Amino acid sequence: TTSHRSYNKFNSSHVSFFVASDTRGDKEEEIPGVMSLTCLVFLRKRLYLLPIVTAIWIICSFFISYGIAVGYGHTEPDFPYISHTAIEAPERCVFGQLVNVGALMLGMNVLVRYLFLKEIFRQKKFDNVRGWQKANIVGIILGVISAFGISMVANFQTVVLRGPHYVGAGLAFGLGLIYCWLQTRITWRLREENIGNRKIAILQLINSIALTGFDSLRGVYLTSTISEWLLAISVLTYTLTYTWDFKSMILESPKVTLDFDQLQQITCFNGF
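Numbering-wise, full-length UniProt numbering puts 118 at position 118 of the sequence shown, and it's gapless, one number per residue.
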């Protein structure tokens, strides 16, 4: 039996990950599963498409619900609050369904970003690498909660349930802002080790500054509504900065190990 294994490799301009693989003379026959029929396999070697698809999906969700609301005369056509485009039926149903999917996709981006940084911190031994990995863990927690907040905003309409709606908005934009600044700081720390793209780091910094500025514009109604749209779009443009790093990653399908002994014990216990 012969085997060959390929290992991870780092380049100076960006990080390239190569999945370790074994080639043996006695290869087991692989049984096609559900994973081979899903879009995850399509994205497995094209993870850079995930941020792009996420941004397009959520932006389209906003404008679709906006178009329906204006078409039915349920909201004014000149820059309403995003949540005001999803108060009445049928637009609130469409908005909720589309944004829930978008929130899940944002969570996937957060997870992939976490795995990307985790692999770097595992292989590159620089000063206080454990501390930066802890920051990475904090980042995924903030990102997932922020994505959950977006789902809350979609499911609890501002007129019907103001409390949960505003809590969701606070989680989405408040924690989302902290998440973006944290990821920006990590990106610049990696640049000190000559990892990553300098232009992407600059874009993340500019985006974080813009997010902070848009979040603080809460004065006149029109200024406030425009800033809300710009704030939401800025979150998505920040997600787009992950495209470069995700090009260096390959997603492996989940693997399951089955304990037949325990399975038989459970079967016998149930009397089957």
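Here a beta-carbon is modelled for each residue, glycine too, at the ideal position from N, C-alpha and C.
Just so you know, these numbers come straight off a predicted model, no measurement behind them.
| Item | Value |
| --- | --- |
| Boundaries (first-last residue) of the alpha helix (DSSP H) holding Leu171 | That residue, Leu171, is in no alpha helix (DSSP H); it is neither H nor E in DSSP. |
| Member of Val99, Val160 and Thr184 whose CA lies at the smallest distance from the CA of Asn136 | Thr184 |
| Cα-Cα separation between Leu236 and Lys255, rounded to whole angstroms | 31 angstroms |
| Segments assigned beta strand (DSSP E), at least 3 residues, entirely inside the segment 95-154 | none |
| 7 angstroms Cβ shell around Tyr242 - same chain, five flanking residues per side excluded | Pro51, Asn109 and Arg113 |
| Alpha carbon of Asp245 to alpha carbon of Val144, nearest angstrom | 19 angstroms |
| Alpha helix (DSSP H) segment containing Ala86, residue limits | Premise fails: Ala86 is in no alpha helix (DSSP H) and is neither H nor E. |
| Alpha carbon of Thr239 to alpha carbon of Asn207, nearest angstrom | 10 angstroms |
| 6 angstroms Cβ shell around Gly102 - same chain, five flanking residues per side excluded | Trp57, Ile58 and Ser61 |
| Length of the line joining the Cα atoms of Tyr48 and Val159 | 38 angstroms |
| Residue closest to Trp188, alpha-carbon to alpha-carbon, out of Tyr179, Cys180 and Arg198 | Arg198 |
| Nearest-angstrom Cα separation, counted from Gly107 out to Phe260 | 34 angstroms |
| Contact belief for His74 with Ile87 at Cβ below 8 angstroms, rounded distance in angstroms | 7 angstroms |
| Outcome for Pro77 when other beta-carbon atoms lying within 10 angstroms are tallied against a minimum of 16 | exposed |
| First through last residue of the alpha helix (DSSP H) which encompasses residue 275 | No information on residue 275 is available, as it lies outside the stretch 1 to 272 that the chain covers here. |
| Reduced DSSP category for Tyr242 - H, G, I as helix; E, B as strand; rest coil | coil |
| Nearest to Ser146 (by Cα), restricted to the options Ala169, Gly131, Asp127 and Ile226 | Ala169 |
| Between the CA atoms of Phe79 and Ser36 - distance to the nearest angstrom | With a pLDDT of only 43 at Ser36, under 50, the local geometry of the prediction cannot be trusted, and no value is derived from it. |
| CB contact flag (Gly149, Leu117, <7 angstroms) | no |
| Alpha helix (DSSP H) segment containing Gln183, residue limits | Gly176 to Glu192 |
| Within 7 angstroms, strictly: CB atoms of Tyr72 and Thr85 | no |
| Helix, strand or coil at Thr257 [DSSP, three-state] | coil |
| Where Glu228 falls, given that 16 or more other Cβ within 10 Å makes a residue buried | buried |
| Straight-line gap, Lys134 to Leu205 (C-alpha atoms, nearest Å) | 21 angstroms |
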